[in-house]
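Taken in order, these protein sequences are the chains called S and U.
Be aware that the first sequence starts at 0, since it is given in numbering that gives the first Met the number 0, and climbs by one per residue.
Be aware that the second sequence starts at 0, since it is given in numbering that gives the first Met the number 0, and climbs by one per residue.
The structure under discussion appears below in the form of structure tokens.
2 protein chains.
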Amino acid sequence: MKLKKQERRDAIKKEIAKNPFITDFDLSTLFSVSIQTIRLDRTHLDIPELRTRIKSVARKNYESIRSIEGNEIIGDVINVEPDQYASSIINIDEDSVFTKNKIARGHVLFAQANSLCVALIHKPVVLTSESNVVFTKPVKLNETVRANAQTIEITNKFYIIKVESYVKDTVVFKGTFKMYYTSEDEQNG
Amino acid sequence: MKLKKQERRDAIKKEIAKNPFITDFDLSTLFSVSIQTIRLDRTHLDIPELRTRIKSVARKNYESIRSIEGNEIIGDVINVEPDQYASSIINIDEDSVFTKNKIARGHVLFAQANSLCVALIHKPVVLTSESNVVFTKPVKLNETVRANAQTIEITNKFYIIKVESYVKDTVVFKGTFKMYYTSEDEQNG
């Protein structure tokens, strides 16, 4: 849809309010304008770039996470409902890929999913007990991976959490994590 | 056993030749002398400290590894028989533990095991396909983890590799890794 400048700016503002993690590229496609135009519109609207928006949301989320320090989480937590679900985003940079083929290393996707499971659990002490993971599609340099974690079961010792990670709409990683936790009583007892 | 100085130095030399990864502490226990004495003995014998011995062995091993750059392997590979078995050692430093409880993070043990599986496979392209892992005992700051990987099965597309990781004689991690590989023919074809 092609809109007039002010209409487009209003629409961009609404779109980003609805989905703070939309890229400039996706906005440019949505409104049939160049990425440069989107950047100018954002500047005019005083909306920071995606990276800054993600960091800002992540920082707010860290306030409701108690099992792990925010800076120890691999990836940025973009939403979290303690004990229920959480999502994080990671950008696959040069440090995360094999030099030879520029494909993301397995342990990077594992680390993102695993630390999201720790972050999700609203307990003082959380440790990974077991994990079954499948790497369904290679992830390449500069791709962005979004991991969604969802609690399946909580027992008196463990959380069972399912994680699915995506590059755009493609599943690249699936995992089940059995997480051991200690509640406050044990901690203090 | 308490030996005279020269006897002890001869014995230390033999012991390190037999097991290059023995610690000064273990040598001091073995020969009923202080760690300081062992250090002096090593200096006299011109045998470098453990860390240097490990790095030196690892560097030699990298010559027989083709699937991954030596500096990309998490841990130091202390032995490798391509396509059959391999072992690596990692020291759990401050970067590898949770700030809160000083326990090693799951993805560190996973990364050591996973990159050992890649290193073991003598093929140009290797990717992790599936993995089932169990963290059997928490690993603490400053502990040394030795991972042993052993090939169980090779099919025309996958290697199945078992990994067991130890702190001294205690199993701390067990994993099965299904690794996808591409042979030269496909690579060139």
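Positions of the beta carbon are idealized from the N, C-alpha and C atoms, including for glycine.
As the structure is a prediction and not an experimental result, all values here were calculated from the model.
In the DSSP assignment, the alpha helix (DSSP H) including residue i goes from what residue to what residue?
i, result
"Glu93 (chain S)", "Note, Glu93 (chain S): premise wrong, no alpha helix (DSSP H); not H, not E."
"Asp40 (chain U)", "34-44"
"Lys3 (chain S)", "Counting along the chain, Lys3 (chain S) falls outside any alpha helix (DSSP H), and DSSP gives it neither H nor E."
"Ala103 (chain S)", "Neither: Ala103 (chain S) is in no alpha helix (DSSP H) and is coded neither H nor E."
"Thr28 (chain U)", "23-29"
Starting from the beta carbon of residue i, find every residue of chain S whose beta carbon is closer than 8 Å, and list them in chain order.
i, result
"Leu126 (chain U)", "Ile102, Gly105, Phe134, Pro137"
What's the call for residue i, buried or exposed, on a 16-neighbour Cβ count within 10 Å?
i, result
"Leu108 (chain S)", "buried"
"Phe134 (chain S)", "buried"
"Asp9 (chain S)", "exposed"
"Val171 (chain U)", "buried"
"Gln83 (chain S)", "exposed"
"Gln35 (chain U)", "exposed"
"His106 (chain U)", "buried"
"Lys1 (chain U)", "exposed"
"Lys17 (chain S)", "exposed"
"Ser182 (chain S)", "exposed"
"Asp92 (chain U)", "exposed"
"Asn113 (chain U)", "buried"
"Leu190 (chain U)", "Given that chain U is displayed from residue 0 to residue 188, the structure contains no residue 190 (chain U) and the question cannot be resolved."
"Asp75 (chain S)", "buried"
"Lys13 (chain S)", "exposed"
"Phe24 (chain S)", "exposed"
"Lys177 (chain U)", "buried"
"Val162 (chain U)", "buried"
"Ser33 (chain U)", "exposed"
"Thr127 (chain U)", "buried"
Residue i to residue j, Cα distance in whole Å?
i, j, result
"Lys167 (chain U)", "Glu142 (chain U)", "9 Å"
"Glu22 (chain U)", "Glu6 (chain U)", "The sequence given here has Thr at residue 22 (chain U), not Glu. One C-alpha to the other measures close to 19 Å."
"Asn187 (chain U)", "Lys122 (chain U)", "The predicted position of Asn187 (chain U) is uncertain, since its pLDDT is 42 and thus under 50; a value taken from the coordinates is nonetheless stated next. Spanning the two alpha carbons is a distance of roughly 13 Å."
"Tyr158 (chain S)", "Val117 (chain S)", "10 Å"
"Leu26 (chain S)", "Ala103 (chain S)", "27 Å"
"Val144 (chain S)", "Glu62 (chain U)", "34 Å"
"Thr150 (chain U)", "Ile120 (chain U)", "9 Å"
"Val79 (chain U)", "Ile64 (chain U)", "8 Å"
"Ile77 (chain S)", "Lys139 (chain S)", "22 Å"
"Lys59 (chain S)", "Ile88 (chain S)", "15 Å"
"Ser66 (chain S)", "Phe97 (chain U)", "10 Å"
"Gly174 (chain S)", "Asn90 (chain S)", "19 Å"
"Leu29 (chain S)", "Gln111 (chain S)", "30 Å"
"Arg41 (chain U)", "Ser55 (chain U)", "16 Å"
"Asn100 (chain S)", "Leu115 (chain U)", "18 Å"
"Ile46 (chain S)", "Ile73 (chain S)", "25 Å"
"Ser20 (chain U)", "Ala148 (chain U)", "Here residue 20 (chain U) is Phe; the residue named in the question, Ser, does not match the sequence. Taking the straight line from one Cα to the other gives about 17 Å."
"Glu152 (chain U)", "Ile160 (chain U)", "7 Å"
"Val132 (chain S)", "Ile15 (chain U)", "40 Å"
"Ile11 (chain U)", "Ser31 (chain U)", "12 Å"
"Glu71 (chain U)", "Leu44 (chain S)", "44 Å"
"Thr169 (chain U)", "Ile37 (chain S)", "57 Å"
"Glu68 (chain S)", "Arg52 (chain S)", "20 Å"
"Ala57 (chain S)", "Tyr165 (chain S)", "18 Å"
"Tyr180 (chain U)", "Val124 (chain U)", "6 Å"
"Lys156 (chain U)", "Leu39 (chain S)", "50 Å"
"Ser86 (chain S)", "Ser130 (chain U)", "22 Å"
"Asp94 (chain U)", "Pro81 (chain U)", "30 Å"
"Lys3 (chain U)", "Ala146 (chain U)", "36 Å"
Name the chain S residues whose beta carbon is nearer than 7 Å to that of residue i?
i, result
"Thr169 (chain U)", "The contacting residues do not exist; Thr169 (chain U) stays about 16 Å from chain S at best."
"Ala110 (chain U)", "His106"
Just the chain U side, please: which residues come within less than 7 Å of residue i by C-beta, in chain order?
i, result
"Phe172 (chain S)", "Neighbours of Phe172 (chain S) on chain U: none; closest Cβ ~10 Å, over 7 Å."
What does residue i touch in chain U if you count any residue whose Cβ is under 9 Å from its own?
i, result
"Ser87 (chain S)", "Those within 9 Å of Ser87 (chain S) in chain U number zero; the least Cβ separation is about 13 Å."
"Glu71 (chain S)", "Phe97, Thr98, Lys99, Arg104"
Interface residues of chain S around residue i at Cβ under 9 Å?
i, result
"Glu221 (chain U)", "There is simply no residue 221 (chain U) to check, as chain U begins at 0 and stops at 188 in what is shown."
"Asn113 (chain U)", "Arg104, Gly105, His106, Phe109"
"Glu68 (chain U)", "Phe97, Thr98, Lys99"
Quick check on the DSSP output: what are the complete beta strand (DSSP E) runs of length 3 or more inside the segment 129-187 of chain S, in order along the chain?
DSSP runs (the beta strand (DSSP E)) wholly in the segment 129-187 of chain S: 143-153, 157-166, 169-181.
Taking only runs that begin and end inside the segment 55-99 of chain S, name each unbroken beta strand (DSSP E) of 3 or more residues, in chain order.
Entirely contained in the segment 55-99 of chain S, the beta strand (DSSP E) runs reaching 3 residues are, in chain order, 75-80, 84-90.
Proximal residues, the segment 40-58 of chain S versus chain A, C-beta separation under 8 Å
Chain labels in this structure do not include chain A; the protein chains are S and U.
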